[in-house]
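Student: Can you read through this structure? Questions will come right after.
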Amino acid sequence: MQSPRHLVSIDDLSLDEIRSLFEHADHFAADPRGFADTCRGMITASLFYEASTRTRLSFESAMLRLGGGILTAAEMRTSSASKGESLADTVRVVGGGYADAIVLRHSSEGAAQLASEFSPVPVINAGDGAHEHPTQTLCDLYNLHVERGHIDGLEVVLAGDLKYSRTVHSFAYALARFNANIICVPQPGFEMPKYVLQRLSDEFGVEPLRADVRKLGDLAGSSDAVYLTPQKPHQLSLFTDLSDWQVQSVDAVYMTRPQTERFGEGDLSDTQYMRLEKRSMDADSLRDAVVMHPLPRRDEIDSDIDNDPRSIYFKQAARGVPIRMALLATLLGKIQLAGKPPKVQRQVWPVVAGSNPCPNPSCISRTEPRHVTPKFTLRSRTPLVAHCAYCSRELVFRFVGCSTSKHYHAPDSRELQKVLPDHLVFLPDEGSAQALAYSKAHA
Amino acid sequence: MQSPRHLVSIDDLSLDEIRSLFEHADHFAADPRGFADTCRGMITASLFYEASTRTRLSFESAMLRLGGGILTAAEMRTSSASKGESLADTVRVVGGGYADAIVLRHSSEGAAQLASEFSPVPVINAGDGAHEHPTQTLCDLYNLHVERGHIDGLEVVLAGDLKYSRTVHSFAYALARFNANIICVPQPGFEMPKYVLQRLSDEFGVEPLRADVRKLGDLAGSSDAVYLTPQKPHQLSLFTDLSDWQVQSVDAVYMTRPQTERFGEGDLSDTQYMRLEKRSMDADSLRDAVVMHPLPRRDEIDSDIDNDPRSIYFKQAARGVPIRMALLATLLGKIQLAGKPPKVQRQVWPVVAGSNPCPNPSCISRTEPRHVTPKFTLRSRTPLVAHCAYCSRELVFRFVGCSTSKHYHAPDSRELQKVLPDHLVFLPDEGSAQALAYSKAHA
Amino acid sequence: MQSPRHLVSIDDLSLDEIRSLFEHADHFAADPRGFADTCRGMITASLFYEASTRTRLSFESAMLRLGGGILTAAEMRTSSASKGESLADTVRVVGGGYADAIVLRHSSEGAAQLASEFSPVPVINAGDGAHEHPTQTLCDLYNLHVERGHIDGLEVVLAGDLKYSRTVHSFAYALARFNANIICVPQPGFEMPKYVLQRLSDEFGVEPLRADVRKLGDLAGSSDAVYLTPQKPHQLSLFTDLSDWQVQSVDAVYMTRPQTERFGEGDLSDTQYMRLEKRSMDADSLRDAVVMHPLPRRDEIDSDIDNDPRSIYFKQAARGVPIRMALLATLLGKIQLAGKPPKVQRQVWPVVAGSNPCPNPSCISRTEPRHVTPKFTLRSRTPLVAHCAYCSRELVFRFVGCSTSKHYHAPDSRELQKVLPDHLVFLPDEGSAQALAYSKAHA
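Protein chains in written order, with my numbering: chain A, 1 to 443; chain B, 1001 to 1443; chain C, 2001 to 2443.
Shown next as structure tokens:
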């Protein structure tokens, strides 16, 4: 049996495929009730280990619009899971005969990756903890496509909680991939984390510039804005002398709510959070900007702009249905995307010995009691840098062993280049090395 | 975009329209599986902020019988709401693209009215706290129509908890509107409230008479019965000398359960409640009476009459499906009702200043933290009497201000007739008037 | 109205009917998406008074594959039930017009029997407490049919918790009925209960032999195995001299999880439980054995055999869909089974006086507050042995009265043979006899 295609990460789709999804979504949106035979006889199962009614209803609406059937398990946490069943077993059963695709929501990072390793049918990640939510990103991109006709070169403001919002990080990577420019306008104290900036730079060549945001007027507030541009270096060099990039005209403002559920001590209270109001939108640079929000909103967008034609956040949510229709129809084999899948498939290896080197306590490799083997991806060989294959967090270790030679090395040792990835063992300290009977390499 | 038609209150439908719904329901009931293409491709969403499985399943069955799809959110209280989303936002999202109609159940009075102000698709009130439940009333009326062929002039006993039962109040208004007569047989201490009698008199010209209920036999028990008749005054005058209206023959007995969840201290215990038994139905006057109950029942109807052909309460529930099919097909634009909509549309104004004058703590204008402006309707200009536009409760205030003149008046002041409704401000006392910088009018 | 056909117990189906269901299931399995018009326009309602997501999804998938609609009440316990509605009323309403069949899951034994007495539409027992779960048994049998082509004469190992597992008891009765042989390999301390062995002997003539399980190798472990064979006595006599029956070749190993939720004090901890591993399957006698498990599993089957072609537990779950399709299509009148229904219908009588003689505290006759009359079946007249008609538990009483003579007798009295079953009264002691004004018979 050929392994089915999944959507665990937005990176599982190439740019051409995403553009093709947009085209199909356009067709679905033009006649939402005209495709009620597309997936007739097929079934999706919503397996939601945490409640997310909006996301669930959006997927289920998409499937119903395609004429398919839906199975709903809105409260997985309190049902099978309580009998101690592993996620691997659940998806093998549900995907084995009950449903033709699984829409999975889980509170642990990497859950969708794990599910995709075992499921006989396509798994769609509908949010795995703080990790990924690729259909939200697809929906956000699709909205830019509908409103602007293209994404390349757009100027997009990301505003609010840029620190804890999973949505905004994924959106930033995707914008960079599509060659759009980003103006970060964070709530002070909630700046974009370094590891996000690092990945933007490493993977997409994005350069941060200090931004002059006076033209954003009220919106910028006291924020220390940053301009992120994936332009090629030789283009950037034209501005080398500019310490500030002047924001002239914005295409979209993407506002996010404070992720108070993830706030730590010392983080601000809800009421001090920035607020987009009628007068904020008076700024010249925002004349043609659409206002987006992944919803639910609280008070960060004032209702006084709900009727402003630039406010598209309700349309934005509505467009989640046609883009999910396009995705479901694709994964269920009912439409064929133009464009090829991503060329580079990431390589994953299991951790063959020692304890789980993933430091993330809510990674599925830690929260799932059964049928999970820690796995990793390699980012660099010298020094050896590896990430958890589930939650993408960088692994923590002081030494690296080889399971055949039983020797261990410092991560920057050149000897490690000779060790096959299948033989790498991550050791937190010398004690654990000795416990596994590894000895120090004399190199 | 034209505003869609909603069903917030039974008053949103004219008598002719209700009769037309009955005719359509008759067709659906005659062949429940013969209309599976009527709403093909359309979707309803059940947004239930409190559990009511029977009501939900009845609507969902109706939609499935019409060939439509259903989205279910049976536990809204514990999902999106917990992320602080407003009802207004939720219905804009769900109605914006997920579903073609919203079936809303909520614990706050006025929730359906609020939802209808924001939803781009029809909202059906499936119960808003103690306020309205119009499809229950439609179902009750439809049962009389099926069993008796007409409603006009019927003699209907309302028995049990006439104080707290929302269902029985709505049914009483509707019976009066259809020109039926009502015999109130309350559990002692649970008489029909004055405000209900007042509305019956004000809106439908219903006159209460002391009733001679000896012919009801056992059913009447120790109850102090009241006869409510919407007959025209000149007809009533024929009986002016009669202190008691003698009940001869009853068409229907509508029994209600004790609403113990709303009982206050001092209200009776469950076990003392009246009970309809086999022998109760031996009374001559009840020979042809059908026994109705909105269900669920507890002990107020003994199971020894479950098999009596006059007991129609299970049929009554079953008929909720065809009448809801008729309603859904209407609001989704699939059938056209004979008859015109109600002529008088009630006028609603926002409260422009001051605190919320609605005294009802469970009104949606108080329980909903976002996107709600208190609104009111006017019942009388002199003295000024206003009701909350959401929960219909009479507003509480000692003075009324004018937002342009900044003067305030006593509610019975003739000056108030000159103030436009858009400028009315309801003031609980002089202190609040002063706080808003209003001064006493010299009139 | 003719009473519909229900599936309360696996005994409600004759062997011929079960074989016919298998044939239909084979057709459905061969083309799962080719029957989407079979039940078009029909609706099933999942009424789940306790969560069982897998079972629910399996039924709902089956109905969707047949083109029908599904109503879901996954949390009945917390909804209508909380308003005090009886199960009898709920099924009369849901079966009265909402749905064309009811799939019922309940925590009380006998709930499905009760529901079937009141429901106007077919009731399918999807598990009633520790009592029955006939579609699980059907699914298990169907798997043997698919894997082996027949059931008669198969050698089936039942392993693990044979004491508390409802599934394994039902499966054992069914195997005996189909004339298969059973090798019990219990976790020590969790042997098959005597009442199960008794019923196997009484109803199916099954004889237990001490089994020589050395050929089972690792699987047998320290278990004291028993061989159960429904062979005719004259065949058995051939082996009379053999104290041990030697197990040669096994067709299926049916492993069960420890039912820890029913463990009492002194029962072992989860971790001491037996475990089926790769090496366990090396035994010669297991070369062709399929490994089955009703799922969910915990650790009793090691994941190292998940990919062994003999491990069919995920296929086994998947096959629950086509067999349930066959059952639903049958009960909804869409297919006609070859073969006649069971000849003997069990006779049931109500308990006409005295307290409920059923000793089972979780029997529906005890947990359901309304609309239930204790009922019994007779197993023997002298001595008088009776079982609860709901939960099948043997009734507890010291004397038996006659409701017409007002006399009471010892259970082994020959006088009782003259008492009509409708007049039997079960008396726990003399005190209760006197309280009911019964006097001792002088016989």
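From the three backbone atoms N, C-alpha and C, an ideal C-beta is built for every residue, glycine too.
Count the C-beta pairs between the segment 345–360 of chain A and the segment 309–326 of chain A that are closer than 8 Å, then say yes if the count reaches three, no if not.
Tutor: no
Student: Could you tell me whether the Cβ of V446 (chain A) comes closer than 9 Å to any Cβ of chain C?
Tutor: Since the displayed chain A opens at 1 and closes at 443, residue 446 (chain A) lies outside it and no answer follows.
Student: Is the Cβ-Cβ distance between A283 (chain A) and L200 (chain A) less than 9 Å?
Tutor: no
Student: Please decide whether L2064 (chain C) counts as near chain A, where near means a Cβ-Cβ distance under 9 Å.
Tutor: yes
Student: Check the C-beta distance from F35 (chain A) over to M274 (chain A) and give it rounded, since I have them as a contact under 8 Å.
Tutor: 40 Å between Cβ atoms; not a contact.
Student: Between the segment 2045–2057 of chain C and chain B, which residues of the former have CB atoms less than 7 Å from a CB of the latter, in chain order?
Tutor: Contacts with chain B (Cβ-Cβ distance below 7 Å) from the segment 2045–2057 of chain C involve A2045, listed in chain order.
Student: Cβ of M292 (chain A) less than 9 Å from any chain C Cβ?
Tutor: no
Student: Buried or exposed: G2189 (chain C), going by 16 or more other Cβ atoms within 10 Å of its Cβ?
Tutor: With fewer than 16 other Cβ atoms within 10 Å, it is exposed.
Student: Within 10 angstroms of the Cβ of E2203 (chain C), are there 16 or more other Cβ atoms? Answer buried if so, exposed if not.
Tutor: exposed
Student: Tell me whether R56 (chain A) is buried or exposed, calling it buried when 16 or more other Cβ atoms sit within 10 Å of its Cβ.
Tutor: buried
Student: So is D1299 (chain B) in contact with chain C if we call contact Cβ pairs under 9 Å?
Tutor: yes
Student: Considering only C-alpha positions, which residue in the set A:G96, A:R214, A:L228 is nearest to S222 (chain A)?
Tutor: A:R214
Student: Below 7 Å on C-beta distance, what does H1371 (chain B) contact in chain A?
Tutor: S303
Student: K2375 (chain C) lies in the beta strand (DSSP E); which residues open and close that run?
Tutor: 2375–2380
Student: Can you list the alpha helix (DSSP H) stretches of 4 or more residues lying completely in the segment 2301–2362 of chain C, in chain order?
Tutor: 2313–2318, 2320–2331
Student: Does the Cβ of P1032 (chain B) have 16 or more other Cβ atoms within 10 Å, making it buried, or fewer, making it exposed?
Tutor: Here P1032 (chain B) is buried. Its C-beta has 16 or more other C-beta atoms within 10 Å.
Student: Residues of chain C with a CB under 7 Å from the CB of T72 (chain A): which are they?
Tutor: T2072
Student: Quick one: grab the DSSP three-state call for F35 (chain A).
Tutor: coil
Student: Taking one C-beta from the segment 412–420 of chain A and one from the segment 1084–1101 of chain B each time, how about it: are there three or more such pairs within less than 8 Å?
Tutor: no
Student: Only counting the same chain, and skipping five residues up and downstream in sequence, which positions put a Cβ closer than 6 Å to that of G129 (chain A)?
Tutor: S107, S108, E109, S362
Student: Select from the segment 2100–2114 of chain C all residues with a C-beta closer than 8 Å to any C-beta belonging to chain F, and list them in chain order.
Tutor: No chain F is present in this structure, whose protein chains are A, B and C.
Student: Going along chain A in order, which residues have a C-beta closer than 7 Å to the C-beta of G1041 (chain B)?
Tutor: The contact set of G1041 (chain B) on chain A, defined by CB atoms closer than 7 Å, consists of R33, A36 in chain order.
Student: Report the option in C:D2152, C:S2303, C:V2290, C:E2300 whose CA atom is closest to the CA atom of R2177 (chain C).
Tutor: The option with the nearest alpha carbon to R2177 (chain C) is C:D2152.
Student: Taking only beta-carbon positions, decide if K315 (chain A) is within less than 9 Å of chain B.
Tutor: yes
Student: For L2238 (chain C) and P2230 (chain C), I'd like the C-alpha separation in whole angstroms.
Tutor: Because the pLDDT of L2238 (chain C) is 47, which lies under 50, any placement of that residue in the model is unreliable, and the question is left without a value.
Student: Ignoring anything shorter than 3 residues, give me the beta strand (DSSP E) runs that lie fully in the segment 2189–2264 of chain C, in order along the chain.
Tutor: 2207–2212, 2226–2229, 2244–2246, 2252–2255
Student: With a cut-off of 9 Å, does the C-beta of G1320 (chain B) fall near any C-beta of chain C?
Tutor: yes
Student: If I'm right that P2341 (chain C) touches S2014 (chain C) with Cβ under 8 Å, what's the distance once you round it to whole angstroms?
Tutor: Here P2341 (chain C) really is in contact with S2014 (chain C); their C-beta atoms are around 6 Å apart, less than 8 Å.
Student: Hey, D1156 (chain B) and L1175 (chain B) are a contact pair by Cβ (cut 8 Å); roughly how many whole angstroms apart?
Tutor: Note on identity: in this sequence residue 1156 (chain B) is Val, with Asp being the wrong assignment. Their Cβ separation, rounded to whole angstroms, is 6 Å, which keeps V1156 (chain B) and L1175 (chain B) in contact under 8 Å.
Student: Under the three-state reduction of DSSP, which class applies to T404 (chain A): helix, strand or coil?
Tutor: coil
Student: Is the Cβ of P1296 (chain B) closer than 9 Å to any Cβ of chain C?
Tutor: yes
Student: In this structure, how does DSSP classify N179 (chain A) when only helix, strand and coil are distinguished?
Tutor: coil
Student: Looking only at DSSP bridge pairs, what is F426 (chain A) linked to?
Tutor: In the DSSP output, where bridge partners are listed per residue, F426 (chain A) has A:V400.
Student: Quick check: the Cα distance between P1004 (chain B) and I1102 (chain B), rounded to an integer number of angstroms?
Tutor: Near 12 Å, if we compare the C-alpha coordinates of I1102 (chain B) and P1004 (chain B).
Student: CA-CA distance, G1041 (chain B) and T2330 (chain C)?
Tutor: Using only the alpha carbons, I get a separation of about 28 Å.
Student: CB-CB under 6 Å to Q2113 (chain C), same chain, minus the five flanking residues each way: which ones, in chain order?
Tutor: V2008, Y2390
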